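Mind the numbering: the sequence shown is residues 1 to 273 in this note's numbering, read in order.
Everything below concerns the one structure shown next.
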Amino acid sequence: MKLYKSFIALALAGLSLSAQAHKPWLLPSSTIVEGKEAWVTVDAAISEGLFDIDHQPLKLDGIVITGPDGGKLAMENVGNGKLRNTFDVKLPKPGTYRIALVSQSVMGSYKDKAGEMKRFRGTEESLAKDVPADATDVKLTRTQGRLETFVSTGTPDMAVFKPTGVGLELVPVTHPNDMRAGEKATWRFLLDGKPAANQGFSLIPGGVRYRGTLGEIRKNTDANGEATFELPAAGMYLVSSAWPAAAPQVPGQPPQMAPRRVTYAATVEILPQ
């Protein structure tokens, strides 16, 4: 299962927003690219410190790059490292590009013929192989995750934000490549194409190791799935959200997983005034 580690890391990213949690991320060299020959380099990793290269690379299988005209672009100059992977993207047309890793996975437990508890993690396609036909007390959690970032050249546009209607999605009112510190921004979250009412999300700035504190900003959407807030200091940030909200852990018991878990994370840049 090539995407197994990416699936699990993406699923776990929504379970904890602590400074110690390992987070997957895509970090573009810039979110606004100028010049006749527009290129961007993207780092992809899973790390303990946000945007720090301190753990392992994020597998690039399944990365989809969508241009402003809806066309798909290929990664170029792919580099596979011990702690991070990198790739370049050529931006041939003006507008906004989406770079995304969308994943689905299944995890759970069952009792075999002998009554012994077994655990498994896999994909929807591997479910029949992972769980024997004679298994009992089967418990499943299906996880859908979206990890993405956005890059614009020329005038940013909204074409790539057309919702798919699957999972948790950010459909911004304020373009994420047109945000400046101290200004107001409005974001809209959708869950399966419908407004994600009272949906919690976090905005975490990079550079935690230099601050000594996480610096997390937490917000909630309104009944229309929207939130308007003042943008913090300039820098690269990770937007993170998960549905449903994680249940409190019972001491001495493993974390309880809902039958369905949906996560969203995106790297965005706030520019100076």
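Just so it is clear, CB atoms sit at the ideal spot from N, CA and C, and this is done for glycine as well.
Note that the coordinates shown come from a computational prediction; the quantities given were computed from them, not determined experimentally.
- In the structure shown, residue 250 adopts coil according to DSSP, grouped into three states.
- In this structure, residue 46 lies near residue 58, with their beta-carbon atoms less than 7 Å apart.
- Rounded to the nearest angstrom, the gap between the Cα atoms of residue 228 and residue 270 is 15 Å.
- The C-alpha of residue 251 is placed about 34 Å away from the C-alpha of residue 170.
- The continuous beta strand (DSSP E) containing residue 40 extends over residues 39 to 47.
- In this structure, residue 181 sits near residue 234, with a CB-CB distance shorter than 7 Å.
- Uninterrupted beta strand (DSSP E) stretches at least 3 residues long and entirely within the region 47 to 125 occur at 63 to 66, 76 to 80, 85 to 90, 95 to 111 and 117 to 122, given in chain order.
- Put simply, of 223, 118, 265 and 158 the residue whose alpha carbon is nearest the alpha carbon of residue 242 is 265.
- A direct Cα-Cα distance of roughly 5 Å separates residue 32 from residue 152.
- With fewer than 16 neighbouring CB atoms inside 10 Å of its own CB, residue 138 falls in the exposed class.
- Judged by pairs of C-beta atoms under 8 Å, the region 64 to 83 touches the region 92 to 100, as three or more such pairs exist.
- The closest CA to that of residue 73, considering only 39, 23 and 81, is found on 39.
- Within the DSSP secondary-structure output, residue 142 pairs in a beta bridge with 106 and 260.
- Nearest to residue 201 by alpha-carbon distance, out of 210, 193 and 216, is 216.
- Looking at 56, 22, 21 and 78, the one whose alpha-carbon comes closest to that of residue 42 is 78.
- Assignment of residue 208 by DSSP, reduced to helix, strand and coil, places it in the helix class.
- Using a 10 angstroms sphere on the CB of residue 213, the tally of other CB atoms stays under 16, which defines it as exposed.
- For residue 163 against residue 190, the beta-carbon gap comes to about 5 Å, under 8 Å, which counts as contact.
- Annotation: residue 238 to residue 218 spans about 12 Å, alpha carbon to alpha carbon.
- Under the three-state reduction of DSSP output, residue 33 falls in the strand class.
- Within the same chain, Cβ atoms closer than 7 Å to the Cβ of residue 135 are found at 110, 111 and 112, the five residues on either side in sequence being excluded.
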